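Oh and the sequence shown: position 16 is 16 in my numbering, straight run, nothing missing.
See structure below.
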Amino acid sequence: MKKILILFLIISLKGYSQIKLTELHPYPTVFNLKSISMIDENKWIISGENNTLLKTSDGGETFTKNNLKLDSNRLSDISFVNLNTGYITAQRTDIYNGTKLYKTTNGGINFHLKSNINFNFFPNSKLKFINEDIGIIYTDFEIFRTTNQGFNWYSIDFNSINSSKIVRVRDNIIYVIGEDFSKNSKIFYSLDYGISFNEIFLTQEISNRNVIYVQKFLNKIFIISHYNSIYTLHVSTDNGNTWINKPIDFNINNLFDGIFYNENIGILRVTFPDITSGNPISGLLITSNSGNSWTFIPDKYKNIKNLKIDYSGNTKVVIGESGLIMKSEDNSNTFIEISKRLTNQKINSVGHQRNNNVVIAVGDSGTVMRSSNKGVTWKLLDINTKRNIKNVFLFDDNVGYIVADTGGFFKSSNSGVNWQFFSFGVTGNNFYGTFKNSKSGAIIGGTQKKMHSTLDGGMNWITVPLRSYYSDPLVGIISGELDIVNIGGTRYIGREFQTGNAGIPTHTFIYSSNAGAKWNSITSTQSSFGISGYASGDSDHVFLSFSDGLKFITFNNFQSYGVDTVPHILYNNISFLNKYIGVAYQGGHINLTLNGGMNWHKLSEYFNSSMKMTTENDLFLFYEKGLIVHGGDIDTTVNIVSKEILLNYNLYQNYPNPFNPETTIRFDILKGENIELKIYDITGRLVSTIVNKFLFPGRYEFNYNGNNLSSGIYFYILKGETFFESKKMVLLK
C-alpha cells in the first residue's frame with residue numbers, strides 16, 4: 001500500500017548535522033550594536049541585538065562571534081573585567097519586572113545565571129564591574145551595588161536630590177546629576193564605587209541651567225548644560241572653585257551623549273536641523289583643545305542616536321546600528337570604520353557562478369556588489385543607476401543579467417565584471433526578471449504591464465501584454481499574472497489572486513507553455529495567506545507553499561500534471577536546486593529536504609530572510625541592511641527517493657551491474673538510526689565510506705563513481721544498529 005509518509009516529519013532530529021552559517025556582509029555583523037566593554041586598546045567585547053557577542057584581541061582587525069544562549073533575548077548591557085570574565089544584564093521576560101544577571105568565565109562561550117534582580121529596572125539599565133566582585137547596575141533613576149558577584153544588591157540613596165537624576169560611570173567614577181527641592185542642578189561623584197559621594201559646587205548660573213553631562217579629571221571638570229536652546233561647556237581647572245563658560249557655537253538640535261578622554265579631547269553625539277530638507281543632520285562634534293573649538297564629523301548612516309562610545313588609552317571606539325564599528329587612534333581627529341560593509345541597503349537578490357566562486361549581490365538604490373571568492377571580500381560596482389535592483393542571474397558560461405526599475409536590463413559577458421544596459425523603451429516601476437539559463441528568460445513590469453521573453457540571450461525579444469489589476473462584477477478584483485518564473489524555454493509559472501465578492505481571496509497557481517501568450521490554472525486556495533512561495537526544481541517539477549499545505553506539481557512534458565500535497569505544513573521562502581534537494585523557512589529554522597519535500601530536517605536557527613540554494617553545498621540568505629549570509633557544508637550525499645511506507649530493511653542490487661564507472665546503490669531504512677554504507681575490495685580492504693551518520697526512515701539511493709578503482713569484484717555493506725547486509729558488484733573497465 002502506498003501512502004504519503006507524513007509521520008516521518010515528526011521523528012527525532014537527533015544526530016542530524018546542522019548547516020554552518022557565515023555572515024559574509026557586513027563584517028562582523030549586521031545587527032545593531034548596543035554595548036562595548038574595552039579591556040585595553042586591543043581587547044574589546046561588543047554586544048548587540050539577537051544576543052550577539054563580538055570579541056577582538058587585535059584592535060578590531062578580526063572578530064570572533066558568539067550567539068548567546070540566554071533565556072532572555074532583550075540584552076541590556078555588558079561589563080567585562082578581562083577577556084574571559086564578564087557580566088551581562090538582560091531584561092526579564094516573565095510576569096515580573098526586573099533584570100537577570102549572567103556571568104561568563106570563558107569569554108562568552110557559556111553564561112550562567114547569577115541572580116534574578118527583582119527591583120524595578122527599565123530595559124536600558126547599565127552595568128559596570130570594576131573587578132570580579134564589585135559592580136553596579138544603574139538607570140537614570142536608581143543605582144544598586146554588589147560586592148559578591150551579584151548574589152546580593154543594595155540601593156544607593158541620594159537624599160540631597162529630589163528628582164530627574166542622570167547617572168553616568170566614566171573611568172570607574174560614578175556621577176549623579178539631579179535637582180534639589182528648589183529646582184537647582186546638583187552634581188555628586190563617587191571615587192569608591194558608591195560607598196561615599198562628594199558634591200561638585202556649581203555657580204548659581206550653572207545650577208539654574210539644565211545640566212546634562214559631567215566628567216572629572218584630577219583637578220579639571222567638564223560640565224555641559226542646556227538653556228534656551230543653547231548648549232554650553234563649563235570648564236573648571238581648580239576642582240570647581242571657578243568656572244569658564246564656553247558656548248558650543250553650533251546650532252545643535254539634540255545632544256545625546258558626550259565623553260572626554262582626557263583634559264583636552266572630547267566627543268559629543270549631536271544632531272542639527274537641516275533647513276533645506278527638514279531632516280536632522282547627525283554626527284560627532286570633536287574637540288582637541290578643551291572645547292575652545294569643535295570639528296563636525298557627519299554620520300553617513302544616520303544612526304547617531306544609537307551610537308555608543310568607549311575608550312582605552314589612545315584608542316576610541318564608536319559602535320552603532322547595522323554593525324557599525326568606528327575607531328580612532330589620532331586624538332579623535334579622524335574615525336575610520338573598521339566594520340566591513342559596502343552598503344546599508346536592502347539586498348534583493350544574489351547570483352552565484354558555481355564554477356569560479358563569483359557571487360554578485362544586488363539591492364535597493366542601485367546597489368551591486370561583486371565577490372570573486374564566494375563572499376570573503378567584496379567590491380562595490382557602479383552600473384550607472386540608483387534605481388532599486390530586483391534580480392541578478394549568473395551562469396557558468398560567464399553570462400549574467402541584472403534587472404532593475406530601469407525599463408530594460410543589464411547584461412554581462414565576463415562574470416559580472418562589466419555590465420551593459422539595454423533598454424526596452426518602456427516606463428514605470430516594479431520590473432523583475434527570471435532566467436533559467438543564459439539563453440532563456442523574461443523581464444516583466446512597467447506602467448503597461450508587459451512580459452518580454454527571450455530564447456537567445458536577449459538578441460531577440462517577444463513581448464506580450466499581461467493583465468493588470470481589474471474588476472470583474474462576478475468574481476471581484478483580479479490581480480492578473482504575478483511572480484512569474486521561467487522554468488526553461490517558453491515554459492513559465494506564476495500566480496494570481498482575486499478578492500471574491502464575499503471578501504474571501506482566492507490564490508491560483510498558473511502556468512504557460514508559450515511564453516505568456518496563454519495562461520492555464522492548476523490549483524487554488526482560499527486561505528488568507530495564499531501562496532507563500534514557490535520554486536522550480538527542474539522543468540517538470542514545481543513546489544508551492546500554501547498555508548493549507550506544501551504542494552508538489554509534476555508536469556508531464558508540460559502537457560498534463562499531477563498535484564501532491566503534504567497538508568498543514570507551511571514553509572516560507574522555499575528554494576529548490578532540483579526535484580529532490582531544497583530549503584525552506586519555518587518556525588525560526590532553515591529546513592532541508594532531500595526527497596522533494598516529503599521529509600524536512602532542521603539545519604539552523606535563523607530569522608526569516610530570503611534564501612537561494614545555488615549548489616548542493618551552497619545556500620545564500622539575504623535581507624535588510626546589506627546582510628548576506630552563506631550556508632555551506634550541507635550534507636546531500638544521499639537522497640530519499642520513496643514515498644512508500646517501508647516494512648523492512650533492504651539493501652538492493654546495484655544497477656547497472658557490472659558498471660563502468662558509475663552505478664546506483666539503493667537501500668531502505670525502517671527507523672531512524674545510525675547507518676554505515678561502505679565498499680570493500682575482494683581482499684577485505686575498505687575502499688570507500690558512502691554513509692556514516694544518522695539517517696531518517698525512507699528509501700535512499702546513492703550514485704557511486706568508481707573512476708579511481710581498478711576492474712574487479714567489490715562488496716558494499718549496509719550496517720545499522722539492528723541489521724547487517726552485503727551485496728556484490730562488478731566494475732568492468
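Here a beta-carbon is modelled for each residue, glycine too, at the ideal position from N, C-alpha and C.
In this text, all values refer to a predicted model and were calculated from it rather than measured experimentally.
Reference residue i, options the options, closest by Cα
| i | options | result |
| --- | --- | --- |
| L70 | N654, T276, I109 | I109 |
| N241 | I206, L621, N520, Y571 | I206 |
| Q586 | I574, N578, N595, G596 | I574 |
| G107 | K579, I78, T593 | I78 |
| D668 | N198, G60, V583, Y700 | Y700 |
| Y261 | G283, T287, N239, G278 | T287 |
| I36 | K126, H112, T62 | K126 |
| G480 | M459, G457, T506, D456 | T506 |
| D540 | S524, Q498, N486, H589 | N486 |
| S609 | G596, H589, N251 | H589 |
| K728 | T689, L718, I713, T104 | I713 |
| P280 | S293, D299, N264, E263 | D299 |
| L285 | F250, V730, Q149, P273 | F250 |
| V317 | M38, T722, S182, T22 | M38 |
| G48 | D180, I462, T89 | T89 |
| V542 | E179, F576, T525 | F576 |
| T593 | S415, L191, Y571 | Y571 |
| N292 | T554, N67, N264 | N264 |
| P247 | S290, N131, P273 | S290 |
Integer-rounded CB distance, given that residue j should sit under 8 Å from residue i
| i | j | result |
| --- | --- | --- |
| T99 | I46 | Incorrect: roughly 20 Å between the Cβ atoms, too far for contact. |
| I212 | I224 | 6 Å |
| V392 | V362 | 4 Å |
| G428 | T447 | 3 Å |
| K736 | N660 | As displayed, the chain neither begins before 1 nor continues past 733, which places residue 736 out of reach and without an answer. |
| I309 | I267 | 6 Å |
| Y716 | N650 | Actually they are not in contact, since the Cβ atoms of Y716 and N650 sit about 13 Å apart, beyond 8 Å. |
| M598 | G516 | At roughly 32 Å, the Cβ-Cβ gap does not stay under 8 Å, so M598 and G516 are not in contact. |
| T295 | S282 | The Cβ separation is near 15 Å, so there is no contact. |
| L619 | M611 | 6 Å |
| H234 | N210 | Between N210 and H234 the Cβ distance is about 12 Å, and since that is not below 8 Å, they are no contact. |
| G441 | L33 | Contact flag wrong, Cβ pair sits at about 41 Å. |
| S768 | D40 | Nothing can be reported for residue 768, as the shown portion of the chain is limited to 1 through 733. |
| T232 | N219 | Contact flag wrong, Cβ pair sits at about 21 Å. |
| D140 | V167 | 6 Å |
| F431 | G445 | 3 Å |
| T523 | V563 | 5 Å |
| Y87 | L101 | 6 Å |
| Q149 | D171 | In fact, because the Cβ distance is near 22 Å, the residues do not count as touching under 8 Å. |
DSSP beta-bridge partners of residue i
| i | result |
| --- | --- |
| G400 | L394, S412 |
| Y175 | R168, Y189 |
| D257 | R269 |
| S79 | Y87 |
| T434 | A442 |
| P247 | T232 |
| N66 | L53 |
| Q420 | K411 |
| R354 | Paired residues: none, contrary to the question. |
| I143 | Y138, I156 |
| Q737 | In the structure as shown, the chain starts at 1 and stops at 733, and residue 737 therefore has no counterpart that could be examined. |
| G363 | I347, T367 |
| S575 | V583 |
| F222 | Q215, V235 |
| D668 | N650, R699 |
Any non-hydrogen atom of the ligand MN closer than 7 Å to residue i Cβ
| i | result |
| --- | --- |
| N654 | The ligand MN is not part of the structure shown, which contains no ligands of any sort. |
Whole beta strand (DSSP E) runs in the stretch 269-323 with 3 or more residues, listed along the chain? 280-287, 295-298, 308-312, 315-319
Please confirm if the stretch 48-57 is in contact with the stretch 367-380, defined as three or more CB-CB distances below 8 Å between the two stretches. no
Is the stretch 22-29 in contact with the stretch 323-342, if contact means three or more CB pairs nearer than 8 Å? yes
Are the stretch 432-448 and the stretch 380-388 in contact at 8 Å, needing three or more beta carbon pairs? no
Under 8 Å, with one C-beta from each stretch per pair, do the stretch 615-628 and the stretch 668-687 reach the 3-pair mark? no
Can you list, in chain order, the stretches of the beta strand (DSSP E) that have 3 or more residues and sit fully within the stretch 593-624? 601-605, 610-615, 618-622
Jot down the residue ranges of each uninterrupted beta strand (DSSP E) in the stretch 447-518, minimum 3 residues, whole runs only, in chain order. 450-454, 462-465, 470-472, 476-478, 482-486, 492-498, 506-512
Inter-stretch contact at 8 Å, needing at least 3 Cβ pairs: the stretch 306-325 / the stretch 255-272: yes
Any 3 or more C-beta pairs closer than 8 Å across the stretch 508-523 and the stretch 490-498: yes
In the stretch 23-47, which residue ranges form an unbroken beta strand (DSSP E) of at least 3 residues, counting only runs that do not cross its ends? 33-38
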